[in-house]
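Novice: Numbering (the working numbering), first residue to last: 3 to 437. Just so you know, even glycine gets a beta-carbon here, dropped at the ideal spot from N, CA and C.
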């Protein structure tokens, strides 16, 4: 069972910091152990050589019956038991122990009658030297680790900042800002070595430029086709009006009207794709706009319209500063989509700056809930070209509003338009352009 980790542990900076810390600690521990072992062996070796030398002199004095030097004695108190047993077997040896609370180097050998001759050498200075060395190793290791972490954090932070900038640009491109570019400093100077981050940034900029050029070409093609179709469609519509009454004439006029509607929708989408639409702001009574949309759709007006048709329900009415034409376009498309693909009653609810349109049909398809409206895509044998909701979403973005799509728990599709409390930046009446 995996233990859930906090989100910050997955960042590159944290992983790099953890790796640098572990490697620094491992290297410091290895070097510290090597230095400690080497110095300790050298210090102990010198003390052992001195102790054995004094033991040899004490042994000669003992054998000659001379007085033993200070620090030497037979079976002295405090002699470590392992050395006593070693001397009892007729061998010599040394051992570091404590005597009278001080570190002491003992050297012992056999004497007569099973006794032990031993000398002691003060080991305090050597012990202090080793302890001081260990402290110096510890503090120098901590200092080196801290300095390495600071340098590593600075280097990694520079890389992660560039990666975050690349990710932000990628998100802007995903949101539709095709003018966004990383423009990494290394990519501007080809004489400098290019690292992996610069390669990713250059690839993203190249992809964005290619995508932008292709989308602009498609937008120009759509706009050109729609413009070219308007003239022959106008003539075709005039010619259809001159046909004699009858069923064939009705079919021709119906198809011409559908083709004209499709052409106008394509033109509107091409204008939305350019991102140059401007708002004509004015204060509007939201319930009045909603009722006007319902009347245009053929439903009842007011809060209690036709019970099985389209009606408006006002929970809380407000004035909003918005573009009435675009707002009616959004709500009209939502109502038309509900009438075409859902089932009555269609209810348009006004609750402050939030307007929802709900039908009682089968609800939105899964692809629309997951990815939003897609042009020329319909499912389940539904009629239409899939442009109504696309236009509604684009016009809502121009208004600075948020348009959400969901399915009601008890059935039916629900589209919720949330208007901004303030008009979008730059959306002033003076910015309004010709339409």
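Measuring straight from C-alpha to C-alpha, what distance separates residue 98 and residue 107?
Specialist: Mapped onto the chain shown, residue 98 falls at position 96. Mapped onto the chain shown, residue 107 falls at position 105. Between residue 98 and residue 107, the C-alpha separation is close to 5 Å.
Novice: For a test of the three-state rule: what should DSSP assign to residue 343, helix, strand or coil?
Specialist: Counting from one through the chain shown, the residue named residue 343 turns up at place 341. Helix, per DSSP.
Novice: Given this structure, state the Cα-to-Cα distance separating residue 178 from residue 172, to the nearest angstrom.
Specialist: If you number the chain shown from 1, residue 178 lands on position 176. If you number the chain shown from 1, residue 172 lands on position 170. About 10 Å.
Novice: Could you give the residue range of the beta strand (DSSP E) that holds residue 99?
Specialist: Against the chain shown, residue 99 aligns to sequence position 97. Looking at the DSSP string, the run of the beta strand (DSSP E) that includes residue 99 is 95–101.
Novice: In three-state DSSP terms, what is residue 307?
Specialist: Start at 1 with the first residue of the chain shown, and residue 307 comes out as number 305. Only weak support is given to the placement of residue 307: the predicted model assigns it a pLDDT of 41, under 50, and the value that follows is read from those uncertain coordinates. If DSSP states are grouped into helix, strand and coil, residue 307 belongs with coil.
Novice: By Cβ distance, which residues of its chain are closer than 7 Å to residue 45, with the 5 residues on each side in sequence left out?
Specialist: Looking up residue 45 in the chain shown gives position 43. These residues qualify, in order along the chain: 128, 131 and 132.
Novice: Using the three-state DSSP reduction, which class does residue 369 fall into: helix, strand or coil?
Specialist: Along the chain shown, read from residue 1 onward, the residue named residue 369 stands at position 367. Helix, per DSSP.
Novice: Evaluate the contact criterion for the stretch 76–95 versus the stretch 13–23: three or more CB pairs, one atom per stretch, below 8 Å.
Specialist: The stretch 76–95 is not in contact with the stretch 13–23.
Novice: Is residue 359 near residue 370, with beta carbons less than 8 Å apart?
Specialist: On the chain shown, position 357 is the one that residue 359 refers to. On the chain shown, position 368 is the one that residue 370 refers to. Not closer than 8 Å, so no.
Novice: Which stretch, first to last residue, makes up the alpha helix (DSSP H) that contains residue 34?
Specialist: Mapped onto the chain shown, residue 34 falls at position 32. Counting along the chain, the alpha helix (DSSP H) containing residue 34 begins and ends at 14–66.
Novice: Go ahead and pull the three-state DSSP assignment for residue 267.
Specialist: Numbered from its first residue, the chain shown carries residue 267 at position 265. Three-state result, residue 267: helix.
Novice: Would you say residue 60 faces chain C, with C-beta separation under 8 Å as the test?
Specialist: The structure shown contains no chain C; it is built from a single protein chain.
Novice: Between 393, 137 and 341, which lies nearest to residue 300 when the distance is taken from Cα to Cα?
Specialist: Within the chain shown, residue 300 is the residue found at index 298, counting from 1. Nearest option by C-alpha distance: 341.
Novice: Under three-state DSSP, which class holds residue 362?
Specialist: Position 360 of the chain shown, counted from the first residue, corresponds to residue 362. DSSP places residue 362 in coil when its eight states are reduced to three.
Novice: Among 348, 279 and 32, which has the Cα closest to the Cα of residue 328?
Specialist: Reading the chain shown from its first residue, position 326 is the one you call residue 328. Among 348, 279 and 32, the Cα nearest to that of residue 328 belongs to 279.
Novice: In its own chain, which residues sit with a C-beta less than 6 Å from the C-beta of residue 262, not counting the 5 before and 5 after it?
Specialist: Against the chain shown, residue 262 aligns to sequence position 260. The answer, listed in chain order, is 235.
Novice: Is it true that the CB of residue 337 sits closer than 8 Å to the CB of residue 295?
Specialist: Locating residue 295 in the chain shown gives position 293, counting from the first residue. Locating residue 337 in the chain shown gives position 335, counting from the first residue. A contact, by the Cβ cut-off of 8 Å.
Novice: Cα-Cα, which of 401, 204, 348 and 354 is closest to residue 417?
Specialist: Mapped onto the chain shown, residue 417 falls at position 415. Residue 417 has its Cα closest to that of 348, out of 401, 204, 348 and 354.
Novice: Can the beta-carbon of residue 322 be found less than 8 Å from the beta-carbon of residue 355?
Specialist: Taking the chain shown and counting its residues from 1, the one referred to as residue 322 is at position 320. Taking the chain shown and counting its residues from 1, the one referred to as residue 355 is at position 353. Cβ atoms of residue 322 and residue 355: closer than 8 Å.
Novice: Look at residue 228 and residue 265 and say whether their C-beta atoms are less than 8 Å apart.
Specialist: Translated into the one-based positions of the chain shown, residue 228 becomes position 226. Translated into the one-based positions of the chain shown, residue 265 becomes position 263. In this structure, residue 265 lies closer than 8 Å to residue 228 by Cβ.
Novice: Mind reading off the beta-carbon distance from residue 404 to residue 420? Whole number of angstroms is fine, and I expect it under 8 Å.
Specialist: Here the question's residue 404 lines up with position 402 in the chain shown. Here the question's residue 420 lines up with position 418 in the chain shown. About 5 Å separates the two Cβ atoms, so the contact holds.
Novice: Name, in chain order, the residues that DSSP records as bridge partners for residue 409.
Specialist: As a working mapping, residue 409 is identified with position 407 in the chain shown. Bridge partners of residue 409: 415.
Novice: According to DSSP, is residue 123 helix, strand or coil?
Specialist: In the chain shown, residue 123 corresponds to position 121, counting from 1. Correct three-state label for residue 123: strand.
Novice: Measuring CA to CA, which of 125, 27 and 18 is closest to residue 51?
Specialist: The sequence position of residue 51 within the chain shown is 49, counting from 1. When each option's Cα is compared against that of residue 51, the closest is 125.
Novice: Let's test the definition: count the other Cβ atoms within 10 Å of the Cβ of residue 17 and tell me whether it reaches 16, buried, or not, exposed.
Specialist: Within the chain shown, the letter at position 15 stands for residue 17. Residue 17 is exposed by the Cβ-count criterion.
Novice: Let me make sure I understand the geometry here. Which of 182, 34, 81 and 283 has the alpha-carbon closest to that of residue 214?
Specialist: Your numbering for residue 214 matches position 212 in the chain shown. Here the closest residue by C-alpha is 182.
Novice: Taking the C-alpha atoms as reference points, what is the distance between residue 230 and residue 377?
Specialist: Counting from one through the chain shown, the residue named residue 230 turns up at place 228. Counting from one through the chain shown, the residue named residue 377 turns up at place 375. In a straight line, the C-alpha of residue 230 is about 21 Å away from that of residue 377.
Novice: Which of the three DSSP states, helix, strand or coil, is assigned to residue 443?
Specialist: Any answer about residue 443 is impossible in this case: the structure gives the chain only from 3 up to 437.
Novice: Roughly how many angstroms lie between the CA atoms of residue 288 and residue 352, to the nearest whole one?
Specialist: Counting from 1 along the chain shown, the entry for residue 288 is found at position 286. Counting from 1 along the chain shown, the entry for residue 352 is found at position 350. Between residue 288 and residue 352, the C-alpha separation is close to 7 Å.
Novice: Among the candidates 49, 78, 55 and 30, whose CA atom is the shortest distance from the CA of residue 138?
Specialist: Indexing the chain shown from 1 puts residue 138 at position 136. Among 49, 78, 55 and 30, the Cα nearest to that of residue 138 belongs to 30.
Novice: So residue 248 is in the alpha helix (DSSP H); what residue range does that whole segment cover?
Specialist: Position 246 of the chain shown, counted from the start, is the residue given in the question as residue 248. Taken as a continuous stretch (DSSP letters only), residue 248 belongs to no alpha helix (DSSP H), as it is neither H nor E.
Novice: Mind checking residue 100: buried by the 16 CB within 10 Å criterion, or exposed?
Specialist: Start at 1 with the first residue of the chain shown, and residue 100 comes out as number 98. Its Cβ having fewer than 16 others within 10 Å, residue 100 is exposed.
Novice: Once DSSP output is grouped into helix, strand and coil, what is the label at residue 300?
Specialist: Here residue 300 refers to the residue found at position 298 when the chain shown is read from its first residue. Three-state DSSP puts residue 300 in coil, outside helix and strand.
Novice: Can you list, in chain order, the residues of its chain whose CB lies under 6 Å from that of residue 397, leaving out five sequence neighbours each side?
Specialist: One-based indexing of the chain shown puts residue 397 at position 395. These residues qualify, in order along the chain: 328, 331 and 332.
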